[in-house]
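Working notes, beginning with the structure itself.
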Amino acid sequence: MTTPPPGFEPPPIRVLLPDGEQEVVGRLHARRQLSAGWLYLVSIPVYRTTEQGSIEPAEYRMWLRPQDHLLPAEGAAYDSVPTEPLPPPSSVEQVLGPRRPSGWVLQKPGGRRGPAQAVVHAVDCEEAPRGVPVLTWKQALDAAERPGVRLCVLCAASELDPVLKGFDEGFGERTGRADDPHDWGA
0 MTTPPPGFEP PPIRVLLPDG EQEVVGRLHA RRQLSAGWLY LVSIPVYRTT
50 EQGSIEPAEY RMWLRPQDHL LPAEGAAYDS VPTEPLPPPS SVEQVLGPRR
100 PSGWVLQKPG GRRGPAQAVV HAVDCEEAPR GVPVLTWKQA LDAAERPGVR
150 LCVLCAASEL DPVLKGFDEG FGERTGRADD PHDWGA
């Protein structure tokens, strides 16, 4: 986390209390960005009982999600609050995972060990034939729409089927089957 500048005074921030109706003015000490969003380190003034039984002012600090619990205080400036942004990934692979090779291949039907019908595979599928021309995404879709061609259930079906059938096909449609969860009655 970045250190506060010399003389940093945490600015005021409005803290919504758990009942959702009350708020107190606290102080914003730091901000930290996580992959799931931002957290703000805030403090609110409270009282505590000492070991001697007297009451004294204290400060309670906690990390809160700003979208759920915090509102800016009127006139407060937050640009000097120490901020720890999410570190940038060192590579695209760290964000998306390893890239698989692009392209598709068509396995022709027939032969002793071949399929009964043509099959579209991703180029890196363990079932894909080797040494055949690599197809573009569009060519793979065109091939998959021909009679006698199916998508490999190991690789191509999960990626190309939604494009061929429409991303939301079947959602909310009624099939007339008694066990259909979408058949809510009309």
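As numbered in numbering that gives the first Met the number 0, residues 0 to 185 make up the sequence shown, in order.
Built from N, CA and C at the ideal position, the CB exists for glycine as well.
Query raised in the report: Cα-Cα, which of Leu63, Gly102, Gly25, Pro84 is closest to Val131?
Result: Minimum Cα distance to Val131 is reached at Gly102.
Query - Separation of Phe7 from Phe170, as counted between CA atoms - result: In this prediction, Phe170 has a pLDDT of 43, which is less than 50 and means its spatial position is unreliable; nothing more can be read from the coordinates.
**Report entry** Val104 - DSSP class collapsed to helix/strand/coil
**Finding:** Looking at Val104 - three-state DSSP - the assignment turns out to be strand.
**Report entry** Inter-stretch contact at 8 Å, needing at least 3 Cβ pairs: the segment 10-21 / the segment 66-82
**Finding:** Here the segment 10-21 lies against the segment 66-82, with 3 or more beta-carbon pairs under 8 Å apart.
Requested in this report: Would you kindly work out how many angstroms separate the C-alpha atoms of Val17 and Thr2, rounded to a whole number?
Outcome: Checking the sequence, you will find Pro at residue 17 rather than Val. Each residue's Cα considered, the two are about 30 Å apart.
Query raised in the report: Where do the ends of the beta strand (DSSP E) carrying Glu58 lie?
Result: Here the beta strand (DSSP E) through Glu58 covers 54-63.
Query raised in the report: Going by alpha carbons, who is nearest to Leu134 out of Ala121, Pro161, Asp78?
Result: When Ala121, Pro161, Asp78 are compared, the shortest CA-CA separation from Leu134 is found for Ala121.
**Report entry** Assigned secondary structure, Gln247 (DSSP; H/G/I helix, E/B strand, else coil)
**Finding:** Outside the modelled stretch of the chain, which goes from 0 to 185, sits residue 247, for which no answer is possible.
**Report entry** Per-residue burial, Pro9 [other beta carbons within 10 Å of its own, 16 or more giving buried]
**Finding:** Of the other Cβ atoms in all chains shown, 16 or more fall within 10 Å of the Cβ of Pro9; this residue is therefore buried.
Report task. Leaving out five residues on either side along the sequence, give the residues of the same chain with a beta carbon under 7 Å from the beta carbon of Asp187. Result -> Residue coverage of the chain in this structure runs from 0 to 185, which leaves residue 187 outside it and unanswerable.
Requested in this report: May I ask you to check if the CB of Val24 is nearer than 7 Å to at least one heavy atom of the ligand ATP?
Outcome: Ligands are entirely absent from the displayed structure, and the ligand ATP is therefore not among its contents.
Query - Arg30 beta carbon less than 8 Å from that of Thr82 - result: Cβ distance < 8 Å, so Thr82 and Arg30 count as in contact.
Query raised in the report: Exposed or buried, which one is Val41 when buried takes at least 16 other CB atoms within 10 Å?
Result: The residue is buried, with at least 16 neighbouring Cβ atoms inside 10 Å.
**Report entry** Secondary structure of Pro71, DSSP reduced to three states
**Finding:** For Pro71, the secondary structure class from DSSP, reduced to helix, strand or coil, is strand.
Query raised in the report: What's the C-alpha gap between Glu144 and Ala115?
Result: Distance between the alpha carbons of Glu144 and Ala115 is about 17 Å.
Query raised in the report: Where do the ends of the alpha helix (DSSP H) carrying Pro11 lie?
Result: First-last for Pro11: 11-15, but that is the beta strand (DSSP E), not the alpha helix (DSSP H).
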